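Encoded as structure tokens, the structure appears first; notes follow it.
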Amino acid sequence: MPALSYIAVSFLVVPLAVVVLLNLFPKKSADRIALYFAYFGAAAQIASSAAGFFLLGAANTHEYDFSLFWNIAKAGSERFEVTSLSLVILFCIGFVSFVSVLVANETVKTKKGAFVSLLMTLMLGMNGMVIVTDLFSLYVFLEIVGISSFVLIAMFKTEEGLEGAFKYLVMSSLASIFILTGLAFLFMQTGSLQYSELGMNALSMGTRSEGILVYVAFVLMIAGFAIKTGAVPFHSWLPDAHQSANTAVSVLLSGIVIKVAGIYGLIVLTKLFPQSAAIKMTLALIGVISIIAGALFALRQNHFKRIVAYSSVSQMGYILLGISTGSVLGLLGAVIHIFNHATMKCTLFSNAAALHEQTGTLDINEMGGLQAKMPLTGFSSLSAFLSAAGIPPFAGFWSKLLIIMALWTGGSKVFAAIALFSSILTAAYFLRLQKKVFFGKPSEKFKDLKEIKGSVGFAQILLTAVTVGTGLAFPLVLLYLKSRGIL
Amino acid sequence: MGVFGFENILLLVGFLSILAGCYCLIRTFHILKIAIGIEVAMKAVTLFLALAGYVNGKIDLTQTFIITSIVIEVVVTVVSAGIAINLYHKYGSMDIRNLRKLKG
Amino acid sequence: MEVIVYISLGLMLVFAVMAVMLHSITKSAIALAAASVALGIVLYELGSVWAALFEISVCSGLVTVVMISAVSLSHERKTELQKVYNDKKRMSFLPVILIVGGLVLAGVAIWSKFTLPGAGETAAGSSFREILWNQRQADIWGQMIVIVAGSAAVSIMFKERD
Chain X
0 MPALSYIAVS FLVVPLAVVV LLNLFPKKSA DRIALYFAYF GAAAQIASSA AGFFLLGAAN
60 THEYDFSLFW NIAKAGSERF EVTSLSLVIL FCIGFVSFVS VLVANETVKT KKGAFVSLLM
120 TLMLGMNGMV IVTDLFSLYV FLEIVGISSF VLIAMFKTEE GLEGAFKYLV MSSLASIFIL
180 TGLAFLFMQT GSLQYSELGM NALSMGTRSE GILVYVAFVL MIAGFAIKTG AVPFHSWLPD
240 AHQSANTAVS VLLSGIVIKV AGIYGLIVLT KLFPQSAAIK MTLALIGVIS IIAGALFALR
300 QNHFKRIVAY SSVSQMGYIL LGISTGSVLG LLGAVIHIFN HATMKCTLFS NAAALHEQTG
360 TLDINEMGGL QAKMPLTGFS SLSAFLSAAG IPPFAGFWSK LLIIMALWTG GSKVFAAIAL
420 FSSILTAAYF LRLQKKVFFG KPSEKFKDLK EIKGSVGFAQ ILLTAVTVGT GLAFPLVLLY
480 LKSRGIL
Chain Z
0 MGVFGFENIL LLVGFLSILA GCYCLIRTFH ILKIAIGIEV AMKAVTLFLA LAGYVNGKID
60 LTQTFIITSI VIEVVVTVVS AGIAINLYHK YGSMDIRNLR KLKG
Chain F
0 MEVIVYISLG LMLVFAVMAV MLHSITKSAI ALAAASVALG IVLYELGSVW AALFEISVCS
60 GLVTVVMISA VSLSHERKTE LQKVYNDKKR MSFLPVILIV GGLVLAGVAI WSKFTLPGAG
120 ETAAGSSFRE ILWNQRQADI WGQMIVIVAG SAAVSIMFKE RD
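Chains as they are written, first to last, in numbering that gives the first Met the number 0: chain X, 0 to 486; chain Z, 0 to 103; chain F, 0 to 161.
Below you can see the structure in the form of structure tokens.
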């Protein structure tokens with residue numbers, strides 16, 4: 000159907016067109032109109048992914064192959080493919096990019112043209128990752144995402160930004176080396192890296208040496224993707240990179256990059272090799288350790304963005320637990336949690352931008368009692384906190400419920416219990432954050448503080464509305480999925 | 000094609016190169032040396048890919064993999080050199096022990 | 000044929016260890032280029048002709064140029080280097096670690112009677128050119144976008160403004 004083919008091709012063509020068009024303008028005028036181009040690009044992605052999801056449902060299929068200017072029918076050639084899962088992730092990518100541009104309106108003051116070019120390249124890389132059907136192409140687009148993120152963190156040339164970008168570069172290169180070595184070993188065994196051929200190729204663990212090769216490949220690939228996700232014990236780059244970047248870039252990093260780069264790779268692995276119990280157990284273990292360790296680290300921090308970064312580590316553990324069950328329910332819970340967590344993190348980082356703009360500091364020991372002066376920021380932060388802790392009717396309750404149910408029925412009951420009780424830890428560090436920043440007595444120097452206006456305020460209102468709205472409307476979503484036959 | 004065969008020695012040299020590269024990454028104090036360590040490890044990965052193609056019979060497909068990964072490797076090296084030069088302008092030296100602003 | 004490969008592998012390992020252990024970045028870059036040439040010879044003998052060409056021209060040429068230009072843009076004095084970084088002494092364990100690691104891996108391989116799978120013969124059919132341009136189009140798009148991102152990075156990071 001032609002509409003779907005236009006939508007599918009637009010995921011790659013629109014960001015590329017924005018980059019090319021933006022760089023045709025001379026420098027000064029490019030800086031003025033750059034953000035409008037970015038708004039257009041992100042909004043176009045949101046609209047086309049939503050339309051694509053419903054069109055795909057109407058056509059009663061689950062996937063759609065397409066290509067970009069080449070002949071797809073030749074044997075053995077690559078193809079791009081959109082499935083329902085990838086359309087949901089594409090929607091998240093567009094949504095987080097839109098919020099990032101809203102925040103960038105306030106925090107990015109110079110080099111706007113360069114920021115938008117790199118943002119579009121990042122979107123291209125992430126879009127590419129979810130629509131390819133070959134493991135090596137996945138690696139290529141993963142590197143595009145990596146290169147764009149390094150430059151986005153380092154481009155404002157602050158000392159902290161350069162240091163964070165450098166640490167991220169070292170760990171990310173290590174992850175790339177692991178993933179590529181794992182791919183080489185897998186290729187030695189199977190002879191092809193396309194999804195269709197890997198799925199059909201029954202990995203015979205017949206002779207012992209072949210088994211060793213494939214297991215080493217799995218270990219390396221899981222380690223590589225776990226480094227990219229920021230799961231414990233490979234998380235050491237995450238707080239530094241997310242704290243030192245410009246807040247608009249932190250929104251992108253915590254909101255979508257760690258998920259698409261790391262979690263989506265692990266989703267692909269579990270989908271390609273569903274009969275391997277070792278992968279699932281490893282993912283579940285990493286997930287549980289991440290939840291607990293991330294929460295414990297977050298309790299001891301004093302910098303607002305650092306607490307939020309450690310909270311990302313902790314929530315990634317929940318998503319890993321959801322994937323590790325291998326069932327449809329678990330995968331659904333994980334994907335919904337990807338969306339909810341993106342909303343949460345965008346809210347929290349918008350609050351960080353608002354606080355930094357108005358008070359000039361991000362040290363929570365210096366703030367206090369800001370609830371009266373900045374009610375919008377306080378309320379949106381409260382809604383993000385309740386959603387993360389899993390309290391109804393906020394959206395986080397539903398996704399956590401799905402993950403815990405999937406663990407209880409399909410996976411291990413012990414992990415389900417641990418996931419349930421670690422909500423207390425999540426609530427603990429968020430409560431500490433709320434108390435220190437917003438409640439209590441306001442200090443003298445914040446006498447003339449005003450609430451933030453403009454695009455960051457709008458972003459906060461939008462995100463709170465999405466959080467509450469998703470939570471209230473979620474039963475309808477479940478009914479719709481049941482009618483489509485997914486659940 | 001026994002245990003001491005041709006391919007196993009290639010595999011061994013590849014693993015040793017990765018070990019050398021990662022050791023360099025961990026122990027050095029100089030920023031550009033870290034980029035050199037990453038380069039040494041990527042050479043080992045190229046060797047692994049070529050070995051996979053030789054063993055499998057699909058040499059042409061492997062060559063496309065190697066060429067693409069070399070392009071990516073060059074761009075990553077250029078970006079890391081850019082960050083290194085900017086760090087030098089900020090701190091006056093290339094020592095990574097100077098980078099202690101982000102703690103905890 | 001095998002003798003050439005073994006000699007080149009040994010040279011590559013020696014040059015790589017030298018690149019890690021030397022303390023002057025210029026000499027390290029030259030050692031890395033020599034290791035690239037050795038690796039190119041190995042690739043050629045394994046049958047990957049185009050990959051050998053790319054490796055020798057790009058890795059030993061371009062990367063060396065990048066490293067040496069980065070060093071020349073930072074003007075560090077040589078005498079200070081030896082006192083501060085002391086790379087030769089810090090990394091003096093490396094040959095020992097490599098020999099120990101090599102023995103451990105060889106032991107594991109012998110214990111498990113490890114051999115690699117494989118057909119060993121070239122699959123007839125498409126040539127390299129056809130595979131690259133007709134079958135791996137997504138990789139070509141990926142490479143173009145990488146180069147776009149890289150050029151954006153260069154234009155931002157290497158600017159000498161205030």
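Cβ coordinates follow ideal geometry from the N, Cα and C atoms, glycine included. Quick caveat, the model's predicted, so the values are computed rather than measured.
The ligand ADP heavy atom lying under 7 Å from the CB of residue i
i: I71/Z; result: Within the structure as shown, the ligand ADP is missing, as the structure has no ligands at all.
Run of the alpha helix (DSSP H) containing residue i, from where it starts to where it stops
i: T358/X; result: V327 to T358
i: T157/X; result: That residue, T157/X, is in no alpha helix (DSSP H); it is neither H nor E in DSSP.
i: D64/X; result: Unbroken run through D64/X is the beta strand (DSSP E), E62 to F65; no alpha helix (DSSP H).
i: F5/Z; result: F5 to R26
i: G264/X; result: Y263 to L271
i: V54/Z; result: I30 to N55
i: I155/F; result: Q136 to M156
i: S92/Z; result: Note, S92/Z: premise wrong, no alpha helix (DSSP H); not H, not E.
i: V107/F; result: L93 to W110
i: Q314/X; result: F303 to S323
i: E1/F; result: E1 to M20
Chain-ordered chain Z contacts of residue i [CB-CB under 8 Å]
i: L8/F; result: I8, L9 and V12
i: D133/X; result: What D133/X touches in chain Z: nothing, since even the nearest Cβ is about 11 Å away.
i: V139/X; result: T67 and I71
i: L432/X; result: Those do not exist, as L432/X stays about 15 Å from chain Z at its closest Cβ, beyond 8 Å.
i: D239/X; result: L101
Nearest neighbour of residue i, chosen from the options [CA to CA]
i: L46/Z; options: Y428/X, S313/X, L182/X and T281/X; result: L182/X
i: V75/Z; options: L347/X, I176/X and L331/X; result: I176/X
i: A247/X; options: V467/X, Y63/X and A37/X; result: A37/X
i: V41/F; options: V95/F, L61/F, A28/F and I55/F; result: I55/F
i: C58/F; options: A69/F, G149/F and A37/F; result: A37/F
i: L11/X; options: P441/X, F79/X and L20/X; result: F79/X
i: N245/X; options: V13/X, A394/X and A103/X; result: A103/X
i: Q134/F; options: N7/Z, A49/Z and T61/Z; result: T61/Z
i: A28/F; options: S150/F, A51/F, A152/F and L61/F; result: L61/F
i: Q193/X; options: G223/X, I130/X, F233/X and V218/X; result: I130/X
i: F303/X; options: V215/X, P374/X, F429/X and M373/X; result: F429/X
i: K156/X; options: M93/Z, S16/Z, L50/Z and A83/Z; result: A83/Z
i: H336/X; options: T358/X, V8/X, S313/X and K399/X; result: K399/X
i: I152/X; options: E196/X, I178/X, W236/X and L173/X; result: W236/X
i: S48/X; options: G124/X, E62/X and G93/X; result: G93/X
Interface partners of residue i on chain Z, CB under 7 Å
i: S73/F; result: I84, Y87 and M93
i: G190/X; result: N55 and K57
i: Q242/X; result: L101
i: S126/F; result: D59
Proximal residues of chain F, C-beta to C-beta of residue i below 7 Å
i: Y53/Z; result: L45 and G46
i: V18/X; result: V147
i: S136/X; result: A137, D138 and G141
Neighbouring residues, chain X, relative to residue i (Cβ below 8 Å)
i: A19/Z; result: What A19/Z touches in chain X: nothing, since even the nearest Cβ is about 12 Å away.
Chain-ordered neighbours of residue i on chain X, where CB pairs are closer than 9 Å
i: V74/Z; result: E142 and I146
i: M156/F; result: V150, A153, M154 and K156
i: S79/Z; result: F149, F165, L168, V169 and S172
First through last residue of the beta strand (DSSP E) which encompasses residue i
i: F10/X; result: That residue, F10/X, is in no beta strand (DSSP E); its alpha helix (DSSP H) goes P1 to L21.
i: V81/X; result: F79 to T82
Neighbour list for residue i in chain X, Cβ cutoff strictly below 7 Å
i: K100/Z; result: E158, E159 and E162
i: R135/F; result: E77
i: I64/Z; result: The identity of residue 64/Z in the sequence shown is Phe, whereas the question assumes Ile. The contacting residues are F135.
i: F47/Z; result: T180 and A183
Closer than 9 Å at the beta carbon, the chain F residues around residue i
i: Y90/Z; result: Those within 9 Å of Y90/Z in chain F number zero; the least Cβ separation is about 11 Å.
Contact list for residue i against chain F, beta-carbon separation under 8 Å
i: I35/Z; result: A18, V19, I24, S27, A28, L31 and M66
i: V39/Z; result: A15, A18, V19, L31 and A34
Using a beta-carbon distance cut-off of less than 8 Å, what residues from the stretch 149-168 of chain X approach chain F? The stretch 149-168 of chain X vs chain F, Cβ under 8 Å: F149, V150, A153 and M154.
Cβ-based contacts, 8 Å cut-off: residues of the stretch 140-151 of chain F near chain X: W140, G141, Q142, I144, V145, V147, A148, G149 and A151
Which of the residues in the stretch 112-132 of chain X, read from start to end, lie with their CB under 8 Å from any CB of chain F? Answer set for the stretch 112-132 of chain X: A113, S116, L117, T120, L123, G124, G127 and V131.
Within the stretch 347-430 of chain X, ranges of the beta strand (DSSP E) (whole runs, at least 3 residues): none
Which complete alpha helix (DSSP H) runs does the stretch 83-163 of chain X hold, if anything under 4 residues is left out? 83-106, 111-130 and 134-153
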